Amino acid sequence: MSDASATDRLSGLRILAVDDEPDILETIVDVLDGATVDGARTYQEAVAFLEAHTYDVAVLDIMGVDGMELLNQTVALGIPTVMLTAHAMNPDTLKASIEQGANSYLPKEELANLGEHIADVLEAIEAGQSTWERLFNRMGRFFERAFAPGWRNGDPDFWAYYYGPVM
Numbered sequence: 000m001s002d003a004s005a006t007d008r009l010s011g012l013r014i015l016a017v018d019d020e021p022d023i024l025e026t027i028v029d030v031l032d033g034a035t036v037d038g039a040r041t042y043q044e045a046v047a048f049l050e051a052h053t054y055d056v057a058v059l060d061i062m063g064v065d066g067m068e069l070l071n072q073t074v075a076l077g078i079p080t081v082m083l084t085a086h087a088m089n090p091d092t093l094k095a096s097i098e099q100g101a102n103s104y105l106p107k108e109e110l111a112n113l114g115e116h117i118a119d120v121l122e123a124i125e126a127g128q129s130t131w132e133r134l135f136n137r138m139g140r141f142f143e144r145a146f147a148p149g150w151r152n153g154d155p156d157f158w159a160y161y162y163g164p165v166m
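Just so you know, we're using numbering that gives the first Met the number 0 here: the sequence shown kicks off at 0 and counts up by one.
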């Protein structure tokens with residue numbers, strides 16, 4: 000998906016972005032051009048935003064803002080949610096994100112591609128396709144490099160379902 004079509008897809012959406020790092024929130028606002036982005040730096044701020052507004056998408060940092068607890072709330076509200084992480088980038092948080100109902104998982108080093116990523120997630124949902132299959136098709140090599148060799152061996156059935164067969 001091109002940057003232009005991602006921008007078109009995001010136009011008019013209301014997105015909740017939660018991260019304890021002000022520079023990350025600023026970057027999220029910049030890369031999600033066309034969307035209205037509410038940025039929260041704490042769990043409490045995020046909850047207040049969730050109580051006051053309706054969102055089309057949530058982008059939640061895993062660390063520093065209790066992102067996994069916020070994920071429970073966004074899922075309960077039916078908000079497509081992308082988990083964002085740097086320090087918690089590991090197979091366990093990836094698996095927990097999937098199990099708790101997130102729609103995707105993005106390393107912060109891929110933040111410049113967040114608009115395209117969200118557009119792809121929304122397109123998959125609308126088409127009734129797996130958001131995880133799309134993520135792993137697009138970023139599988141990234142995860143293979145980022146995680147230790149054999150990272151899917153601990154739960155091959157789980158990973159085979161979402162990622163494909165463990166070789």
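Every residue, glycine too, gets a C-beta built ideally from N, C-alpha and C.
Please read these numbers as outputs of a predicted model, since none were measured by experiment.
(request) Use the C-beta contact count for N71: other C-beta atoms within 10 angstroms, 16 or more gives buried, fewer gives exposed. (result) The residue is exposed, with fewer than 16 neighbouring Cβ atoms inside 10 Å.
(message) Please tell me whether L12 and V56 are closer than 8 Å, where the distance is taken between their beta carbons.
(response) yes
(request) Drop a sphere of 10 angstroms on the beta-carbon of D60, count the other beta-carbons inside from all chains shown, and report buried for 16 or more, exposed for fewer. (result) buried
(request) State the Cα-Cα distance for the pair L15 and M138, rounded to the nearest angstrom. (result) 24 Å
(request) Would you mind stating whether L24 and G114 have Cβ atoms separated by less than 8 Å? (result) no
(message) Helix, strand or coil, according to DSSP, for G149 in the structure here?
(response) coil
(message) Could you compute how far the alpha carbon of I27 sits from the alpha carbon of L83?
(response) 11 Å
(request) Taking V36 as part of the beta strand (DSSP E), name the residues at either end of that continuous run. (result) 35-39
(request) Would you check if the distance between the CB atom of L157 and the CB atom of N89 is smaller than 8 Å? (result) A quick correction: the sequence has Phe, not Leu, at residue 157. In this structure, the beta-carbon distance from F157 to N89 does not fall below 8 Å.
(request) Consider the Cβ of V120: report whether some Cβ of chain B lies at a distance smaller than 8 Å. (result) Absent from the structure: chain B. Only one protein chain is present.
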